[in-house]
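Colleague: Sharing a structure, written as structure tokens. Questions coming.
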Amino acid sequence: MSPCYNCNQFPYVHKGKDFIHPEMGYVAHLRGFYTCVSKYVVYVLICPCGLIYIGETTQMIKSHISQQRSAINLGNLSQPVSKHFLEKGHSADQLRFMVLEMIPHLEMEEIENSV
């Protein structure tokens, strides 16, 4: 993933063409070019303690990450990521993210409707 350098989320981008799982060593090779404005994506959030969270969003990833960081900053314990960060004493500035894959719009709607 490449940061776009045009938004305030770019410092939190985990840069590179591969994602290596911090504990298992599994390597995910990125198959596309993704930036902060990518939508309909599967992403990974990386915690400083080594845990990861995999999620999906239809929003631009920069908007979604902004919401995740705001939840941490506001002390929101109802969201799994912010709850973990707050309970472990991490700050929102320690959150890193990377887009793993883009899913076409129609496939994402099917996934959302099946849940």
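Using this note's numbering, read the sequence shown as starting at 18 and increasing by one per residue. Even for Gly, the Cβ is constructed at its ideal location relative to N, Cα and C.
(1) Could you check whether the stretch 48-68 touches the stretch 110-117, counting it as contact only if at least three pairs of C-beta atoms, one from each stretch, sit closer than 8 Å?
(2) Comparing C-alpha positions only, which one of Ser87, Phe102, Gly92 and Pro65 sits nearest to His38?
(3) Can you list, in chain order, the residues of its chain with a C-beta nearer than 6 Å to that of Tyr70? Leave out the 5 residues immediately preceding and following it.
(4) State the start and end residues of the unbroken alpha helix (DSSP H) segment that holds Glu104.
(5) Rounding to the nearest angstrom, what Cα-Cα distance links Phe36 and Arg48 in this structure?
(6) Looking at C-alpha atoms only, which residue of Gln26, Asp110, Gly72 and Gln76 is the closest neighbour of Ile89?
(7) Return the Cβ separation of Gln84 and Cys53 in integer angstroms, given the expectation that the two are a contact with Cβ distance under 8 Å.
(8) Given that a residue counts as buried once 16 or more other Cβ atoms are within 10 Å of its Cβ, and exposed if not, what is Lys79?
Modeller: If we stick to the structure as given:
(1) Flag = yes, the stretch 48-68 and the stretch 110-117 touch.
(2) The shortest Cα separation from His38 among Ser87, Phe102, Gly92 and Pro65 belongs to Pro65.
(3) Here Tyr70 has Leu62 and Val98 as same chain residues with Cβ atoms under 6 Å from its own Cβ, once five neighbours each way along the sequence are excluded.
(4) First-last of the alpha helix (DSSP H) with Glu104: Pro97 to Glu104.
(5) Taking the straight line joining both Cα atoms gives about 11 Å.
(6) When only C-alpha atoms are compared, the closest one is Asp110.
(7) The pair is not a contact, with the Cβ atoms about 14 Å apart (cut-off 8 Å).
(8) Buried, because 16 or more other Cβ atoms sit within 10 Å of the Cβ of Lys79.
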